[in-house]
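Contents: one structure, followed by commentary.
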Amino acid sequence: LAFAAYLLALHPEAQEKLRKEVDDCVAKYGKEPDLDVISRMKYMHCVVSETLRLYPPATRLERSGCDDYVLGDTGIKVAKECSILIPVYAMHRDPELFPDPDSFKPERFSDENVETIRPYTYFPFGAGPRNCIGMRLALQSVKLCLLHSLHNAQFVRTEKMQVPLKIKKGIGVLTAEDITVGVRERADQKTQ
């Protein structure tokens with residue numbers, strides 16, 4: 008959620024587009040739309056997906072095999088119980104997989120563009136039968152928080168914002184050293 012607020016503050020055009028979708032949703036379904044309605048918000052999905060591409064919760068995944076395995080016709084053998092590391096953060100920032108990888112471009116995940124993303128190159132929650140069991144809860148929680156936040160306020164740049172964001176070194180969950188985002192009451196709601 009903090010990374011999304013940070014990116015929206017840096018990209019007011021994306022924030023405005025998302026705010027319009029939020030306001031349309033609230034106008035049609037009320038201030039407490041159900042989760043099914045929120046899950047159908049297309050630009051919300053794009054913003055959250057692009058945020059997770061740039062700042063995946065886990066920077067890497069680790070798996071180990073139950074048996075010896077040969078990778079396709081490569082002849083590469085992976086021994087039983089050998090650890091295999093998948094560098095999620097690095098893959099999400101690879102220009103061969105995601106053109107202009109350091110730019111915030113929610114449209115990458117639009118219906119028109121999502122087919123250009125190669126399978127198993129985007130996986131902020133892992134993939135397959137052992138992906139994160141909390142994925143749906145996390146996604147719906149972030150979307151719900153963004154909906155209420157953007158309906159009532161706007162995220163803005165401040166002098167204290169770090170650009171680019173400094174990421175703490177380490178393994179495990181991706182964490183920024185400091186995320187400072189300004190929050191203002193929406194100008195169009197001050198009189199309401």
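First residue of the sequence shown: 8, per the working numbering; consecutive thereafter. Glycine is no exception: its CB is placed at the ideal position from the N, C-alpha and C atoms. Here the structure is a predicted model, which means the values were calculated and not measured.
Measuring CB to CB, does residue i end up less than 9 Å from residue j?
i, j, result
"LEU157", "ARG47", "no"
"LEU154", "VAL33", "yes"
"MET130", "VAL95", "It is worth fixing the name first, because residue 130 is Phe in this sequence and not Met. Contact: yes."
"ALA11", "VAL149", "yes"
To the nearest angstrom, report how far apart residue i and residue j are at their CA atoms.
i, j, result
"ASP107", "ASP101", "9 Å"
"ASP41", "ALA86", "47 Å"
"THR123", "GLU166", "37 Å"
"SER71", "ARG137", "12 Å"
"THR81", "ASP75", "14 Å"
"PHE105", "HIS99", "7 Å"
"GLN147", "VAL180", "19 Å"
"GLY79", "ARG125", "18 Å"
"GLU119", "THR182", "31 Å"
"TYR50", "LYS24", "8 Å"
Buried or exposed for residue i, going by 16 or more other Cβ atoms inside 10 Å?
i, result
"THR58", "buried"
"ILE45", "buried"
"GLN199", "Residue confidence for GLN199 is low, a pLDDT of 48 falling below 50, so the modelled location carries little weight; the figure read from the coordinates is stated next. With fewer than 16 other Cβ atoms within 10 Å, it is exposed."
"ALA97", "exposed"
"LEU61", "buried"
"LEU144", "exposed"
"GLU88", "exposed"
"GLU39", "exposed"
"GLU103", "exposed"
Excluding the 5 residues flanking residue i on each side, which residues of the same chain have their C-beta closer than 8 Å to its C-beta?
i, result
"GLU21", "Per the sequence shown, residue 21 should be read as Ala rather than Glu. Taken in chain order, the residues that qualify are LEU14, LEU15, VAL54, PHE111 and PRO113."
"GLU69", "SER90, ILE91, LEU92 and ILE93"
"ASN159", "GLU192, ARG193 and GLN196"
"VAL77", "ILE83, LYS84 and VAL85"
"HIS18", "PHE111"
Which partner residues does residue i have in the DSSP bridge list?
i, result
"PRO106", "PRO106 pairs with nothing; no bridge assigned."
"PHE162", "VAL190"
"TYR76", "VAL85"
"GLU69", "LEU92"
"PRO131", "GLY133"
"ILE174", "ALA183"
Excluding the 5 residues flanking residue i on each side, which residues of the same chain have their C-beta closer than 6 Å to its C-beta?
i, result
"ILE186", "ALA9 and TYR13"
"GLU184", "LYS173 and LYS175"
"GLY189", "VAL163 and THR165"
So, for residue i: in the same chain, excluding its five sequence neighbours on each side, which residues have a beta-carbon less than 7 Å away from its beta-carbon?
i, result
"PHE116", "HIS52, CYS53, SER56 and GLU57"
"MET142", "PHE132"
"GLN161", "GLN22, ARG191 and ARG193"
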